[in-house]
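Contents: one structure, followed by commentary.
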Amino acid sequence: MVDGRGGLRPHWRTLLGAFSALGADGLAARARRLDRAFEEEGVTSLLPGVSTGAQRWRCDPIPLPIPEGEFAEIETGLAQRARLLEAVLQDIYGRQELLADGVLPPALVFANPCFLRAGCRRSEDAAPMMQFYAADLVRGPDGAWRVLADRTAGAGGVGYARENRRLLAQVIPEAFRPMQVRQLRPFFDVWQDALHRLAPPGRRNPIVALLTQGIADPQWFEHMFLSRELSCALVEGGDLTVRGGEVFLKTLRGLQQVDVLLRRMDGRMLDPLELETRSLQGVSGLLNAARHGTVRIANDAGSGALEAPAFAAFLPALCMRLLGEGLAMASVPTMWLGEAQARALVQQDPGRWLIRPAVDGKAHALAPMLMEPAIRQALLGRIEERPREWAASAGIPPSVVPCLGESGMVPKSLVLRVFMVFDGTRWRAMQGGLARVLDSPDQLAGGLPKGGTSKDVWVLTEDRADIVGPAALAIPTLQLRRTSGDLPSRVADNLFWLGRYVERLEHRARLVRAVTGRLSRGAAIMPRELAELNVLSRCLTEAAVIDNEDAGIGAIATLTDALFASTRDTGAIGANFASVARLTERVRDRLTGDMYATFTQTLRAARECVSDIGHSLDGLASGMIAIMRFSAAVAGVAAENMVRGGGWLFLDLGRRIERAQAVASEVAFALDMPAPRIEAGLRLVLELCDSAITYRSRYMNVLQPAPVLDLVLADQGNPRGLAFQLARMRTRLGELGDEGSPRDMLAGFAAGLLAEVEALVDKVLAAENQSVAAAAIPPSLHAVSDGIASLSDRITRRYFALLPAVQAVGMSGQMADLRGAA
Amino acid sequence: MHHVTSYAYATPVDLASHMLHLTPRGLDWQRVISSAIEVSPGQSRMSVGIDHFGNQVAWLFLEVPHDRFVVTASAEVEVEFPAPPGAETTLPWEQVAVAAAAGRAEGWQAAEFIFDSPMLPAEPAAGAYAAQSFPPGRPVLEGLLELTARIRREFSFKAGVSNLHTPVSRTLSQRAGVCQDFTHLMIASLRALGLPARYVSGYLRTKPPPGTTVRRGVDQSHAWVGAWLGPAHGWVDLDPTNDLVVRDEHVVLAWGRDYGDISPVRGLILGGGKHSVTVGVDLEPV
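These protein sequences, in sequence, are chains F and W.
So for the first sequence, this note's numbering puts the first residue at -19; every next one is plus one.
So for the second sequence, this note's numbering puts the first residue at 60; every next one is plus one.
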């Protein structure tokens, strides 16, 4: 930020001016708002490189400004580097002349875990292997940017960069006013278009899918973000299948051909048939399909090989040889320690170097300068033993920039990641990037670190009149696209179960609240209430909230304890929370940001409320109310925001099935008492089905079996009643049925259940003694409940394609220690 | 030559893909007169190609439910490996190691076989075992022949004491195994010294030439070692299971860094439950 004479560089002066106008307190408040915004977006726990635990993702409010001239130099330099790396890839996966001519030592290729022998091309296949490239840059004391790491496999961070910009603009809009900042969006348009152009010839409206490991991937957030930004399907290995040499996505409507895969998964896991790992997350036969050109993979499975740090030592020579020009954008001085002179330099003065594994781009650097002498000596010994496995980069001190600390600005050094995409003709940079703040020099190399702070990167246009929009960037004419609305079976499955679990949670909360209301009256429990508690205990047992032995009459203390236990993490309600949270995360790519925020915030609030209940019945009751509020929020958000397509259908179907089962069995338990006492059961039925007020408004205070049962079982207008659920199921299943198949089979099954229930109520109405007739229906209701369970099974089998487990036969290579690509 | 591999599954397999290394490799000293692969069930898709190491590969995709999978490879080949050079005329072993590590025109292809591979991580004990046969300056082939003989002498051929994933350290400690274990052991030993060594898979003639001892490893897939003698003499094939320099009793299917690169049949199946596999090999002189 400072020029050679210690003065502030002009773009920093303008920028800091804008921020100082906010005042120290104002800035701190904005920083807090920024943190909160990130939390609400759910970006917090998903920093690349973090596999477990919640790690905070923060964005410093002060951006990193880069004048456009300076950024243009970076872009030109990296474009050349990308061309160079592409040419190196083409050679090592093709004719291997660089090895034969001794330009590259064999160790960099043959001992490289990301060099995939199955990716070698015998034929002269001219298709580029790299479409996306990123580089990590540092700026030395001389002000020059140098490349610390090349990311050729599909580097993370582009989604975070975009998120930084969006939220910063939202929280500190005034900072953008005095300057003209280049937009990030055009980059995604170019990228999306490039992906479509990659499709095999002759495919109209190609389908692009982003292949991810799913929720287990630390970059899951970014994958969801990209799939939206680039309008492509988000798929996991299990969603794809190779048939007849072509790749298909399993959707509710059957198999749909995939033309281009945006690979966001370690290349070594792509195809368990051909690659060395035993990982079954890939798609068997995928490489064979790619070899025959029926699907394109970007970046190519083997592109990660060039992330090996030692390549940097050879790039100047490779550039002269392959491109016939000098390397414009230098690397941080790097040596491969397989060479004796290089080793001697390191032995001479180890403190000047950062030591990195030669072929593992993800490993963090070792910093001898920070080591105890004994440990440093041991490291030098390891290098002597197997020298070709090591590389050394000069430990240059990166320049510092101001960051907001606890008390005002503090200087910190940073690494800048710049993203490039090949549009078919040339490489273009995203006009910005992801800058991350370093806490220690050994964080310099390697993949993105476990945590920390990032900065938005502003490419500044000096001429204020030059307002850069997509048009000004001369983007080639975009091809028309149609997004594919076909739902992968896995997503439908997750939504269905999310619906079921949310409803189950609500149902359990309602039951617990009904019990706490009675228990909190203390010693004066009436015999009638005891009978009700008995019924409620049976309902709670059925809903798996409590165990059988806690349900005995009179054992009130035991029951109370069991209820509290159920809310703990190991209890039924606690576990229910975890299932809902897990499924919400899995279907996150199907929810808008607002919907996701509503889901997670109300869920978190309910969870906090429940974990705070201590040992008071009042607390328990309010915890349950918080759960009901969460459930209502989900229902409201789904009803008002979700397009009535496949996804919503399954969410709704899940809820209806769960509620229908609950109503049927609760009514059965409540009516399971001697006919003369049936009135108590009817009262309880109205309470559990939240229908007491409706009943009173219809029939005043006269309680009779047929009207009660009509309201809770047969009235299709009562959303808490059974008929409503069954009728909705029938409608949804009818909507899902596809042409030509026995479309009404499942819908017909639901209709049959509805007719059965209506007949039950008619029978009670026609009976001479309604009480006796009502007391006789529990077995029939249990049968209806079983029928609903069987409908759920049929839906699962029909739509979620129960696939048998994949197994390896003949040979499965030992799981090689996965290292390499970042 | 006939090689029959058959899988029987407890429950039907819905979908299967297999990668086969079952076609003999054409070489200057091995002429493939004819070769064929037959598969049951018949409705399957096969594509053929050449792998990274230059071996013939076939990919099979079975998309009909089946509870039995049989693949039969047949071929007619003519084999006559060239005679190895005089052992004393070969380079000192250290120079071979240097030439390989340097790569370049002479050594780069051999260099691929000096590094650790997925099934053969570095094993210092194997290096120590081999070192006895490689005193400083010894011509490389002399050391190789002695090592081959030592393995044959010091290890007993015993089926059932090892499996596909038996590590070299285990073979060393139990002093027993089958051809695959001895081959892996010898490769790991040589690589520990920096000498290029590759895994060769193939077959051994069912009936040995008259007047010779009974061979081990007939009637099944066999494996032996390819070792590099330096730029001038190239590769020589050595069979540590039988203490033989390979000449005319062996048929080469494929070579790679270890078994994993070239296992004859490897696949992934959907469903199938438990499975059993039987393999039969028959190699008759024509």
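Glycine included, every Cβ here is placed at the ideal spot set by N, Cα and C.
Under the Cβ criterion of 8 Å, S106/W is counted among the residues facing chain F. For the segment 319 to 340 of chain W, the beta-carbon criterion of a distance under 8 Å to any beta-carbon of chain F is satisfied by G319, D320, S322, P323, V324, R325, G326, L327, I328, L329, G330, G331, H334, V336. For the pair L(-12)/F and P153/F, the Cα-to-Cα distance works out to about 24 Å. Residues of the same chain with a CB within less than 6 Å of the CB of P151/W, apart from the 5 flanking positions on each side, are G196 in chain order.
Rounded to the nearest whole angstrom, the C-alpha separation of R177/F and A185/W is 52 Å. Scanning V227/F, R301/F, P758/F for the CA closest to the CA of G661/F turns up P758/F. Unbroken alpha helix (DSSP H) stretches of 4 residues or longer found wholly inside the segment 268 to 339 of chain F: 295 to 303, 320 to 328, given in chain order.
Of the residues S760/F, R366/F, K342/F, the one whose Cα lies closest to the Cα of Q641/F is S760/F. Looking at the DSSP output, I46/F sits in a beta bridge with V439/F. If you draw a straight line from the Cα of A67/W to the Cα of V123/W, it comes to about 15 Å.
With a minimum length of 3 residues, the unbroken runs of beta strand (DSSP E) contained wholly in the segment 380 to 429 of chain F fall at 380 to 385, 388 to 402, 407 to 409, 414 to 418.
Nearest in C-alpha terms to G304/F, of all of S311/F, A310/F, P296/F, is P296/F.
Distances from the CA of P685/F to each of P699/F, A756/F, A727/F, A618/F were compared; the closest alpha carbon is that of A756/F. Bridge pairing for D130/F: A115/F [DSSP]. Look at the segment 157 to 187 of chain F and you find these whole runs of alpha helix (DSSP H), each 4 residues long or longer: 165 to 177. Here the alpha carbon of W407/F sits roughly 19 Å from the alpha carbon of L298/F.
Non-local C-beta neighbours of S393/F in its own chain, meaning closer than 6 Å and more than five positions away in sequence, comprise P378, V380, L418, ordered along the chain. Within the model, the alpha-carbon separation for V471/F versus V567/F is close to 7 Å. Around A788/F, the beta-carbon contacts reaching into chain W at under 9 Å are R325, G326, L327, I328. Cβ neighbours of G217/F within its own chain (closer than 6 Å, five residues either side excluded): Q261, G262, V263.
Among the bridge pairs identified by DSSP, F228/F is matched with T221/F, Q237/F. Around A256/W, no beta-carbon contact reaches into chain F at under 7 Å, the shortest distance being about 14 Å.
Where W294/W is concerned, the enclosing beta strand (DSSP E) starts and stops at 294 to 298. Exposed is the label assigned to K217/W, since fewer than 16 other Cβ atoms lie within 10 Å of its Cβ. By the neighbour-count definition (other C-beta atoms within 10 Å, threshold 16), K342/F is a buried residue. A distance below 7 Å between beta-carbons, with the five flanking residues on each side excluded, links T132/F to the following residues of its chain, in chain order: L65, M110, Y113, N279, S283, G284, L286, E287.
Taking a beta-carbon distance threshold of 8 Å, S387/F does not count as an interface residue toward chain W.
Residue range 573 to 591 is occupied by the alpha helix (DSSP H) that includes Q581/F. Along the segment 347 to 376 of chain F, going in chain order, the ones with a CB nearer than 9 Å to a CB of chain W are R366, R368. Under the 10 Å beta carbon count, L128/F is surrounded by 16 or more other beta carbons and is classified as buried.
Listed along the chain, the chain F residues whose CB falls inside 8 Å of the CB of M78/W are L253, E254. Here E201/W has A146 as same chain residues with Cβ atoms under 6 Å from its own Cβ, once five neighbours each way along the sequence are excluded. Its chain contains L499 as the residues whose beta carbon lies nearer than 7 Å to that of T540/F, once the 5 sequence neighbours on both sides are disregarded; these appear in chain order. Residue pairing by DSSP places A374/F opposite W333/F in a beta bridge. Going by beta carbons, V560/F and Y675/F fall outside the 8 Å limit. If you look at H762/F, you'll find it isn't in any beta strand (DSSP E); it sits in the alpha helix (DSSP H) that goes 758 to 779.
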